[in-house]
Structure formats: structure tokens, C-alpha cells
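Below you'll find the structure, written out as C-alpha cells, and then a few comments.
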Amino acid sequence: MITCFDIGGSFIRHGLLKKDGSVAESGRVATPGNDFQAFVSAIETCASADHGPISISLAGAFDERSGIADVANIPCLHKRNVKADLEAALNRPVLITNDANAFALAEAVDGTGKGKQVVFGIILGTGVGGGLVVNGQLVTGFGGIAGEWGHGPIVDPTAGGQLQGLTHYPCGCGQTGCIDAVCSARGMEKIHQTLHGVALSSKNITAAWHGGDDQATRTVEAFATLLSRALSVLVNTLGPDVIPASGGLSGDETLLSLIDRKTRELVLADYTDPLIIKGQFAENGGLRGAGIVARKTFGEVAA
Ligand SMILES: [Zn+2]
Numbered sequence: 001m002i003t004c005f006d007i008g009g010s011f012i013r014h015g016l017l018k019k020d021g022s023v024a025e026s027g028r029v030a031t032p033g034n035d036f037q038a039f040v041s042a043i044e045t046c047a048s049a050d051h052g053p054i055s056i057s058l059a060g061a062f063d064e065r066s067g068i069a070d071v072a073n074i075p076c077l078h079k080r081n082v083k084a085d086l087e088a089a090l091n092r093p094v095l096i097t098n099d100a101n102a103f104a105l106a107e108a109v110d111g112t113g114k115g116k117q118v119v120f121g122i123i124l125g126t127g128v129g130g131g132l133v134v135n136g137q138l139v140t141g142f143g144g145i146a147g148e149w150g151h152g153p154i155v156d157p158t159a160g161g162q163l164q165g166l167t168h169y170p171c172g173c174g175q176t177g178c179i180d181a182v183c184s185a186r187g188m189e190k191i192h193q194t195l196h197g198v199a200l201s202s203k204n205i206t207a208a209w210h211g212g213d214d215q216a217t218r219t220v221e222a223f224a225t226l227l228s229r230a231l232s233v234l235v236n237t238l239g240p241d242v243i244p245a246s247g248g249l250s251g252d253e254t255l256l257s258l259i260d261r262k263t264r265e266l267v268l269a270d271y272t273d274p275l276i277i278k279g280q281f282a283e284n285g286g287l288r289g290a291g292i293v294a295r296k297t298f299g300e301v302a303a
């Protein structure tokens, strides 16, 4: 039997892979963030008793050449070769997939992108990330970097007018003005603080926007403008059939449709149908994607 995991900074969700490709989620436990032995024990406890393979969706970046992971929110995994270390500790095959890639794969194979050629799944939440799937195959690219459209100082730090002062936020990657720093949920909060001098959560900002509040409307308009500019370059580069979204901000379908409309206004192709939509697996793409990776790797074992 194959056990699938979706591991984030707070919780480990897990379940067994079923014959139809879905994952029967059987529970969640707190992630032991600071103690690798405790982390290994938690995985062992949740995994199948027959010592079958495990497939993990993990919130982190991986260098495919060295295997070293960058997992800032789970310190005991940070800068480790997670696959090799877990295989040695658990004595069973371990597959690891970045969580945005797992979500994109789930959408492309079984969700909103089923049967489509180019699917770019995006995460709009605490951070900004993504994954690229072409003809049903995950594209990880040089060093595993493909899909990381949230980084690179894309926003002009000298921009004036409507964008003045919105673009100088430092990013966790060490650069300034990344989409991840400006157009994530935390970015929306920073924009609101800059424009109005008021500290509000992204949930409260979007709620005030829905209620017609002028300040929140300016914040959301600026946020969506910046985000749609970055997305338009992505769309013109990849020609995606669909961009399914996941992450905390994707739960607001009015916000998604504003971002979708602004993006489609900027791209060269004439997309008549919505392009950026909420993913079918927005809530469980990690587990579903980990299951697909296991099916692709172990085939008949999973069936
Ligand atoms: Zn960055």
C-alpha cells in the first residue's frame, strides 16, 4: 500500500492511495518542526504497516541536482536531503514533490485541466508559487526551478503614480519587489498599510472591499493590477489552457475573477472563457498530487 502525505508547517495530513487515484484522507497530526527524530516517528506512525512506499507533497523548494531542500517553515527539514534522509530512517521508498507542483499535477490530470495541453497551477496565499504541467507531465526545469514565478524583482522600485511606494517590500529570497512580497496575502496587507496606514488582515481587507469600502477598494485594485501584470507575462510565455488557483486568496472567487479579467485584458491571445479559476483540488491538491506522483512512479503497485 502507498501512503500519501501533505506536509506543511503546521500539520501533516495523510491517507492511503486508492485504486481510482484518489487519496482517502485518514487524519492529520501536528508537524514536529524542530526535531527530525520526532518528525520521522510521526511519519512512521501514519504510514502503512506493510512498509510500502510513501509519497509526500512538501511546502518547500528542492534543488534537483543536490536533493537539498529549502523548507523555512519546518526547521528540522531545512537544508537536508529530505528524500535520502527519510528513506534511510524509514527503510522504504520515499517520493517528494513540491506542494505547488503537486497541486498543478492534480489539476492537470484529474481536475480543471484534465485533457488540456498546458496547465499552470498557481498558489495565491501566504506566498505566491506555481507549477507547470504540459501534456500531463510535470515540468520541473533546470534545478527544479520551473513554476517559481513569485521571485525576481519584477516590480520597478522607482514606479510612480498609482504604484508609488508599493514596490519596495523585501522578499524572503533576499531581493526587493518580488511578486511573492507584493501580491501574496501578506503583500496585500503591506499595500493596505502603505496606502492607508492601517494594519488589517487580508481577510478583513477583502471583506471591506466586498462591502464597498473605499480604502479597501484602492488596495485590492492596486494588488490586482500588479498581480495581473505579472500573470500576463506568464500567460504570453506559456500559453496555458487554464490557470487553476489554490491558497488562501483563491477562496475569494470575486477576487479571482477580478484578477482573471485584468489579466485577460493584457494578454495577446483572445481568451473568451475565464482563464484563472479556483482549482478543483484547491483544498486537497497536495494529497491528490502526491498520489498521482506515486501512480506514475509505481504504477501497478498503486492499482
Ligand atoms: Zn523573492
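For reference, each letter of the sequence shown is one residue, going 1 to 303 in full-length UniProt numbering. Ideal Cβ positions, reconstructed from N, Cα and C, are used throughout, including at glycine.
Using DSSP with H/G/I as helix, E/B as strand and the rest coil, what is residue i?
{"i": "residue 298", "result": "helix"}
{"i": "residue 268", "result": "coil"}
{"i": "residue 219", "result": "helix"}
{"i": "residue 286", "result": "helix"}
{"i": "residue 13", "result": "strand"}
{"i": "residue 81", "result": "strand"}
{"i": "residue 37", "result": "helix"}
{"i": "residue 281", "result": "coil"}
{"i": "residue 98", "result": "strand"}
{"i": "residue 47", "result": "coil"}
{"i": "residue 59", "result": "coil"}
{"i": "residue 276", "result": "strand"}
{"i": "residue 143", "result": "helix"}
{"i": "residue 303", "result": "Reliability fails at residue 303, whose pLDDT of 45 lies under 50, so the model's placement of it is uncertain and no value is given."}
When you compare only the Cα positions, how much space is there between residue i and residue j?
{"i": "residue 139", "j": "residue 147", "result": "8 angstroms"}
{"i": "residue 220", "j": "residue 103", "result": "25 angstroms"}
{"i": "residue 91", "j": "residue 275", "result": "43 angstroms"}
{"i": "residue 9", "j": "residue 252", "result": "23 angstroms"}
{"i": "residue 302", "j": "residue 22", "result": "In this predicted model, residue 302 has a pLDDT of only 48, less than 50, meaning its place in the structure is not dependable; the value taken from the coordinates is given anyway. Approximately 11 angstroms, taken between the alpha carbons."}
{"i": "residue 126", "j": "residue 20", "result": "32 angstroms"}
{"i": "residue 114", "j": "residue 63", "result": "28 angstroms"}
{"i": "residue 233", "j": "residue 39", "result": "40 angstroms"}
{"i": "residue 11", "j": "residue 30", "result": "5 angstroms"}
{"i": "residue 53", "j": "residue 199", "result": "46 angstroms"}
{"i": "residue 308", "j": "residue 50", "result": "The question about residue 308 has no answer here: the residues shown for the chain are numbered 1 through 303."}
{"i": "residue 24", "j": "residue 17", "result": "7 angstroms"}
{"i": "residue 271", "j": "residue 256", "result": "16 angstroms"}
{"i": "residue 122", "j": "residue 197", "result": "30 angstroms"}
{"i": "residue 261", "j": "residue 277", "result": "11 angstroms"}
{"i": "residue 283", "j": "residue 43", "result": "21 angstroms"}
{"i": "residue 48", "j": "residue 170", "result": "43 angstroms"}
{"i": "residue 211", "j": "residue 184", "result": "21 angstroms"}
{"i": "residue 223", "j": "residue 188", "result": "6 angstroms"}
{"i": "residue 32", "j": "residue 77", "result": "10 angstroms"}
{"i": "residue 36", "j": "residue 84", "result": "13 angstroms"}
{"i": "residue 57", "j": "residue 133", "result": "16 angstroms"}
{"i": "residue 130", "j": "residue 230", "result": "13 angstroms"}
{"i": "residue 69", "j": "residue 89", "result": "17 angstroms"}
{"i": "residue 101", "j": "residue 194", "result": "33 angstroms"}
{"i": "residue 95", "j": "residue 209", "result": "42 angstroms"}
{"i": "residue 295", "j": "residue 245", "result": "23 angstroms"}
{"i": "residue 144", "j": "residue 263", "result": "26 angstroms"}
Just reading off the beta strand (DSSP E) that residue i is part of, what are its end residues?
{"i": "residue 4", "result": "3-7"}
{"i": "residue 71", "result": "First-last for residue 71: undefined, no H or E at that position."}
{"i": "residue 26", "result": "23-30"}
Quick check on the DSSP output: the alpha helix (DSSP H) that includes residue i runs from which residue to which?
{"i": "residue 180", "result": "179-182"}
Does ligand 3 have a heavy atom nearer than 7 angstroms to the CB of residue i?
{"i": "residue 171", "result": "You won't find ligand 3 in this model; what it holds is ligand 1."}
Could you tell me which whole beta strand (DSSP E) segments of length 3 or greater appear in the segment 187-250? List check, beta strand (DSSP E) in window: 243-246.
Residue ranges of each beta strand (DSSP E) run of no fewer than 3 residues wholly in the segment 104-133, ordered along the chain? Runs of the beta strand (DSSP E) inside the segment 104-133: 118-124.
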